[in-house]
Amino acid sequence: MATSDSTQEQHDLVYRVAPGGSLQGDVRVPGDKSISHRAIMLGSLADGVTQVDGFLEGEDSLCTLQAFRDMGVHIERPDSGRVVIRGVGMHGLRAPAQPLYLGNSGTSMRLLAGLLSGQAFGSVLTGDSSLSKRPMKRVAEPLARMGANLTLQPGGLCPIRIEPAKLRAIEYRMPMASAQVKSCLMLAALYAEGETTLVEPAPCRDHTERMLQGFGYPVVVEGNIVRVRGGGTLRASTVDVPADISSAAFFLVGASICPGADLTLRHVGLNPTRIGVINILQGMGADIQVLRQYIAGGEPVADLRVRYADLRGIAIPEDQVPLAIDEFPALFVAAACAEGVTTLSGAEELRVKESDRIQTMADGLGVLGVAHEVKPDGIVIEGFGATGRFGSGSIDSHGDHRIAMAFTMASLRASGPLTILDCNNVATSFPGFAELVKRCGIPLAASHG
Ligand code: S3P
Numbered sequence: 064m065a066t067s068d069s070t071q072e073q074h075d076l077v078y079r080v081a082p083g084g085s086l087q088g089d090v091r092v093p094g095d096k097s098i099s100h101r102a103i104m105l106g107s108l109a110d111g112v113t114q115v116d117g118f119l120e121g122e123d124s125l126c127t128l129q130a131f132r133d134m135g136v137h138i139e140r141p142d143s144g145r146v147v148i149r150g151v152g153m154h155g156l157r158a159p160a161q162p163l164y165l166g167n168s169g170t171s172m173r174l175l176a177g178l179l180s181g182q183a184f185g186s187v188l189t190g191d192s193s194l195s196k197r198p199m200k201r202v203a204e205p206l207a208r209m210g211a212n213l214t215l216q217p218g219g220l221c222p223i224r225i226e227p228a229k230l231r232a233i234e235y236r237m238p239m240a241s242a243q244v245k246s247c248l249m250l251a252a253l254y255a256e257g258e259t260t261l262v263e264p265a266p267c268r269d270h271t272e273r274m275l276q277g278f279g280y281p282v283v284v285e286g287n288i289v290r291v292r293g294g295g296t297l298r299a300s301t302v303d304v305p306a307d308i309s310s311a312a313f314f315l316v317g318a319s320i321c322p323g324a325d326l327t328l329r330h331v332g333l334n335p336t337r338i339g340v341i342n343i344l345q346g347m348g349a350d351i352q353v354l355r356q357y358i359a360g361g362e363p364v365a366d367l368r369v370r371y372a373d374l375r376g377i378a379i380p381e382d383q384v385p386l387a388i389d390e391f392p393a394l395f396v397a398a399a400c401a402e403g404v405t406t407l408s409g410a411e412e413l414r415v416k417e418s419d420r421i422q423t424m425a426d427g428l429g430v431l432g433v434a435h436e437v438k439p440d441g442i443v444i445e446g447f448g449a450t451g452r453f454g455s456g457s458i459d460s461h462g463d464h465r466i467a468m469a470f471t472m473a474s475l476r477a478s479g480p481l482t483i484l485d486c487n488n489v490a491t492s493f494p495g496f497a498e499l500v501k502r503c504g505i506p507l508a509a510s511h512g
């Protein structure tokens with residue numbers, strides 16, 4: 064579990080996956096990471112007691128939970144997936160005694176940078192070696208325009224030091240489609256004088272907008288413009304966290320590439336700003352059925368059934384990129400199994416995720432014999448088609464959870480065993496991944512060293 068003083072990083076977890084597995088069954092993957100972070104943040108700032116069900120007990124969202132405990136919020140975890148937050152109100156957080164350690168979690172760091180810029184106390188945000196390489200100027204620059212007093216390390220990196228400041232509203236045209244930047248500025252806007260206006264270049268996930276409204280805070284959304292006025296209060300609420308479509312994505316791809324697979328995924332969040340992976344896979348010919356669609360906690364949710372299909376390569380529409388931004392490692396595996404060429408462009412943001420996901424995936428695909436060409440903002444993958452297979456070999460995930468899980472699914476179409484290195488961070492977003500894939504039919508052995 065993440066603690067505020069954890070500095071030890073482990074890189075020694077190895078997945079050894081034999082070929083010949085399958086995917087069968089009826090599963091519910093863990094809770095949505097984005098929604099889990101936001102539930103802790105808004106629940107902590109609300110007046111009253113918030114109950115969260117389906118909370119993701121992964122390292123990233125637990126870092127957020129620990130950070131709020133470190134700022135004096137009483138948060139209980141009585142049962143698996145249930146979290147009870149005794150909100151302290153908009154001005155009830157207390158100065159943390161030490162730097163807030165946010166592990167691998169970009170969402171924790173960027174959203175907290177906004178939220179903490181408007182507090183009456185100073186704070187320092189730190190993270191692991193991967194987070195310490197990720198760009199923080201994208202939030203520091205607009206926050207500085209709001210009057211925030213933030214200091215980054217040379218190169219625009221964390222630790223971020225925040226001193227108390229009086230914030231004012233801004234109008235900001237975001238240079239990239241980033242929900243972390245948008246949400247950071249919305250959380251700062253709660254503490255700013257006046258109405259902040261944010262313009263997104265393309266729609267990206269809107270969980271902060273939805274959850275603020277669920278906590279009774281007015282947010283105006285007009286197309287790609289979001290407006291938030293400072294000085295309001297949040298009313299405690301209940302949050303039902305759906306299963307994370309980003310975690311379900313590995314199973315959607317796994318079942319789509321594995322002849323004979325038949326898998327049902329329960330209670331998957333289908334927020335329209337997150338369904339790029341389904342749109343893209345269906346564009347490639349995938350057999351994904353939406354069994355039952357309903358609304359839970361202000362978010363659309365559905366059960367999905369996925370079976371094998373012969374996939375074909377496509378030019379991925381650029382408007383789908385922000386809607387599938389975390390799913391490209393899995394989608395690259397699908398593209399390799401498709402008939403014909405798949406091209407991705409307009410996806411330079413992939414280079415600044417937990418790893419450079421274009422290069423890390425390209426290296427792994429290269430080890431497995433998949434022809435591809437790397438581009439500055441994407442990749443071209445030559446699929447081997449319905450009768451082809453991945454080779455075998457050793458793949459370095461570079462500590463990127465989604466790379467490790469994507470290549471686990473590649474084993475379903477491999478001609479020999481795969482060894483996937485540096486898998487510890489799978490626990491950041493998908494606790495129990497190894498056990499779940501084994502239960503569904505993938506022969507995976509996880510070991511240290
Ligand atoms: C997230 C936004 C996305 C996504 C990340 C979670 C969020 O990041 O990649 O995993 O919860 O707001 P960007 O905003 O950097 O695209």
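Residue 324 in the working numbering sits at position 261 of the sequence shown, with consecutive numbering throughout. Using N, Cα and C, we set each Cβ at its ideal position, and we do this for glycine too.
Residue range of the unbroken beta strand (DSSP E) whose run includes residue i
i	result
residue 332	325 to 332
residue 261	258 to 262
residue 465	No beta strand (DSSP E) contains residue 465, which is instead part of the alpha helix (DSSP H) from 464 to 473.
residue 351	350 to 359
residue 137	137 to 142
residue 511	507 to 511
residue 336	Careful: residue 336 lies outside any beta strand (DSSP E) and carries neither H nor E.
residue 87	87 to 90
residue 460	Taken as a continuous stretch (DSSP letters only), residue 460 belongs to no beta strand (DSSP E), as it is neither H nor E.
residue 236	234 to 236
Per-residue DSSP class, three states only, for residue i
i	result
residue 204	helix
residue 422	helix
residue 416	coil
residue 494	coil
residue 438	strand
residue 411	helix
residue 65	With a pLDDT of 39 at residue 65, under the threshold of 50, the predicted position of this residue should be treated as unreliable, though the coordinate-derived value follows. Coil at residue 65, not helix or strand.
residue 157	coil
residue 428	helix
residue 388	coil
residue 243	helix
residue 489	helix
residue 98	helix
residue 447	strand
residue 73	coil
residue 211	coil
residue 191	coil
residue 479	coil
residue 400	helix
Cβ-based neighbour list, residue i, same chain, cut-off 6 Å, excluding 5 preceding and 5 following
i	result
residue 214	224
residue 497	507 and 509
residue 277	300 and 361
residue 173	202, 243 and 247
residue 234	260
residue 473	396 and 453
residue 258	232, 290 and 292
residue 270	97, 98 and 101
residue 279	298
residue 152	110
residue 384	409 and 410
residue 255	209, 230, 231, 232 and 293
Bounding residues of the alpha helix (DSSP H) (the contiguous stretch that carries residue i)
i	result
residue 342	339 to 346
residue 277	270 to 277
residue 127	122 to 133
residue 177	169 to 180
residue 317	308 to 320
Spatial neighbours of residue i in its chain, beta-carbon cut-off 7 Å, leaving aside the 5 residues before and after
i	result
residue 489	464, 467, 468 and 496
residue 511	75 and 76
Nearest-angstrom beta carbon gap, residue j and residue i [assumed within contact, 8 Å]
i	j	result
residue 445	residue 193	With a Cβ gap of about 30 Å, residue 445 and residue 193 do not count as contacting.
residue 317	residue 431	So it is not a contact: roughly 15 Å between Cβ atoms.
residue 222	residue 162	7 Å
residue 112	residue 146	Wrong, their Cβ atoms sit about 11 Å apart, outside the cutoff.
residue 116	residue 303	5 Å
residue 141	residue 480	Not quite, the Cβ-Cβ distance comes to about 42 Å (not below 8 Å), so this is no contact.
residue 347	residue 377	6 Å
residue 407	residue 442	5 Å
residue 448	residue 401	7 Å
Contact set for residue i: own chain, Cβ-Cβ below 8 Å, skip 5 residues either direction
i	result
residue 356	333, 363, 364 and 365
residue 66	For residue 66, the predicted model reports a pLDDT of 39, less than 50, meaning its position is unreliable; a value from the coordinates is still stated below. Closer than 8 Å at Cβ, skipping near neighbours: 129 and 164.
residue 272	249, 282, 284 and 289
Heavy atom of ligand 2 within 7 Å of residue i beta-carbon
i	result
residue 242	In terms of ligand content, the structure shown lacks ligand 2 and carries ligand 1 instead.
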